[in-house]
Amino acid sequence: MPLDEYTLCQLLGESANSTMHEHYDTFITETDIEDIKNYGLNLVRIPVGYWAFRKFEGDPFVSGSEAYLDRAIEWCEKHGLKVQIDLHAMPGSQNGFDNSGQRTTNPIWLETPETVELSTQVLDYVMQKYGQQFRGGQQHRNPQRAVCIHHRFHDVYNSAVAHNVTAQLYFSDGFLPISEWNDFMVNTTGYQPIMDHHIYEIFTEDQIKLSIDQHVANIVNIGEQMLAEPHNSVVGEFSGALTDCTKYLNGVGMGARYDGTIGGTDAVGSCEGHENYELWPQEARENTKRYLEVQMETYASNSSGWIFWCYKTESAIEWDFRRASSVGLIGNVSLQPKVEFGNIDSGIWITVSNGGTKSIDSFTPAMRLDARL
Numbered sequence: 047m048p049l050d051e052y053t054l055c056q057l058l059g060e061s062a063n064s065t066m067h068e069h070y071d072t073f074i075t076e077t078d079i080e081d082i083k084n085y086g087l088n089l090v091r092i093p094v095g096y097w098a099f100r101k102f103e104g105d106p107f108v109s110g111s112e113a114y115l116d117r118a119i120e121w122c123e124k125h126g127l128k129v130q131i132d133l134h135a136m137p138g139s140q141n142g143f144d145n146s147g148q149r150t151t152n153p154i155w156l157e158t159p160e161t162v163e164l165s166t167q168v169l170d171y172v173m174q175k176y177g178q179q180f181r182g183g184q185q186h187r188n189p190q191r192a193v194c195i196h197h198r199f200h201d202v203y204n205s206a207v208a209h210n211v212t213a214q215l216y217f218s219d220g221f222l223p224i225s226e227w228n229d230f231m232v233n234t235t236g237y238q239p240i241m242d243h244h245i246y247e248i249f250t251e252d253q254i255k256l257s258i259d260q261h262v263a264n265i266v267n268i269g270e271q272m273l274a275e276p277h278n279s280v281v282g283e284f285s286g287a288l289t290d291c292t293k294y295l296n297g298v299g300m301g302a303r304y305d306g307t308i309g310g311t312d313a314v315g316s317c318e319g320h321e322n323y324e325l326w327p328q329e330a331r332e333n334t335k336r337y338l339e340v341q342m343e344t345y346a347s348n349s350s351g352w353i354f355w356c357y358k359t360e361s362a363i364e365w366d367f368r369r370a371s372s373v374g375l376i377g378n379v380s381l382q383p384k385v386e387f388g389n390i391d392s393g394i395w396i397t398v399s400n401g402g403t404k405s406i407d408s409f410t411p412a413m414r415l416d417a418r419l
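This note's numbering applies: residue 47 is where the sequence shown begins, and numbers increase by one.
Below, the structure written as structure tokens:
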């Protein structure tokens, strides 16, 4: 059983190329992009691994996904959507989780000269290709493509200056308290940092035990903190999940905290039937809808907007914007509050994340297209 994309490609061997390209060709199509626009959303975030642009000799990852990324960008531009390029997996794994492309107990991103060199090559390439926008030979004063790099902030800042990137920089909060960043780069000239917050309440035992009222109170409190912080901010990831029952959410073979199948945890409830929404009790449906509503309203009103993770899944409705909308868990996002934070440019962001945007004129909710290339 593969644990991640690395071991999947290893196990597939010679068939990895055809299997992955079939997935790229079919999982997300132009029809999906049209649907995203029709939902009232304004941005698509596309996770992509470093191997789309460069890779180590001997890497099992399949090459060629850069062409699919460029095609997706063309679709989004055609249908009036902004794009965020989410550089979601870095050489050597940045966090040891499967979402970095390789699940490992020894992540070595930036720990060896080789991973540093390859990371630099990838970032330089992506900045150069996507960091600016020119049309008809004229450079736009308000660029349609913005750049967001997480980690090694000052190095990235200097790199952006060196590449004459005409876009703003977005930084991950690293899951630290919002107030931890209040003094960060507040006197920087040129690029002013915009903080990117990822908000989940299911990855600790204490969070899993919270009642819906406690979850709602936490979100309201987070909104107040975002409104008070000195930087502009976005919520770059969130979902409707109130449990960690979703298959493989914690990793292949890892189980869940909610039902106590992760070693050393005490069960709060059962995950049986979780993948079948028709089996959900009415209380679970109402709680999920309430949790989503308070998040979307809070983030839209107290930050520069939000990106939902994600648009489409195989079976996890609380992580699936399309399905959640179809059953009424998510309402009409076009009717949600719009906010303005001055001259924040939106468009293609380049993000280095373990895992937002603001339109120049006004913000409408954005979302993430979870189809890592």
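Yeah, the Cβ is synthetic: ideal placement off N, Cα and C, and Gly gets one too.
Residue pairing of ASN278 in beta bridges, as defined by DSSP: ILE240.
Here SER111 is buried. Its C-beta has 16 or more other C-beta atoms within 10 Å. Between the C-alpha atoms of PRO93 and MET342 there is a straight-line separation of about 22 Å. In the three-state reduction of the DSSP assignment, TRP365 falls in the helix class, which pools H, G and I.
Listed in chain order, the beta strand (DSSP E) elements of length 3 or more contained wholly in the stretch 59-138 are 89-95, 128-135. The criterion of a C-beta distance shorter than 9 Å is not satisfied by ILE258 and TYR304. Excluding residues up to 5 positions away in sequence, GLY138, SER139, THR161 lie with their Cβ nearer than 8 Å to the Cβ of ILE154 in the same chain.
Proximity of the stretch 261-278 to the stretch 289-302 falls short of the contact definition, fewer than three beta-carbon pairs being nearer than 8 Å. Nearest to LYS175 by C-alpha distance, out of LEU156, THR151, PHE99, MET241, is PHE99. When C-alpha distances from HIS134 are compared across LEU169, VAL280, GLN328, GLY315, the shortest belongs to LEU169.
Classified as buried, GLN148 has 16 or more neighbouring CB atoms from the shown chains inside 10 Å of its CB. If you draw a straight line from the Cα of THR292 to the Cα of ASN228, it is about 35 Å long. Here the alpha carbon of GLU321 sits roughly 28 Å from the alpha carbon of LEU89. For PRO159, the enclosing alpha helix (DSSP H) has its first and last residue at 159-176. Per DSSP, ASN348 is one residue of the alpha helix (DSSP H) stretching across 328-348. Counting every other CB atom within 10 Å of its CB across the protein chains shown gives THR289 a total of 16 or more, marking it as buried. Its Cα nearest to that of TYR85, the residue TYR357 stands out among LEU338, TYR357, ILE119, ASN63. Residue state for SER316 is assigned as coil, using DSSP reduced to three classes. C-alpha of TYR345 to C-alpha of TYR70: approximately 31 Å in a straight line.
It is roughly 14 Å from the alpha-carbon of LEU338 to the alpha-carbon of GLU329.
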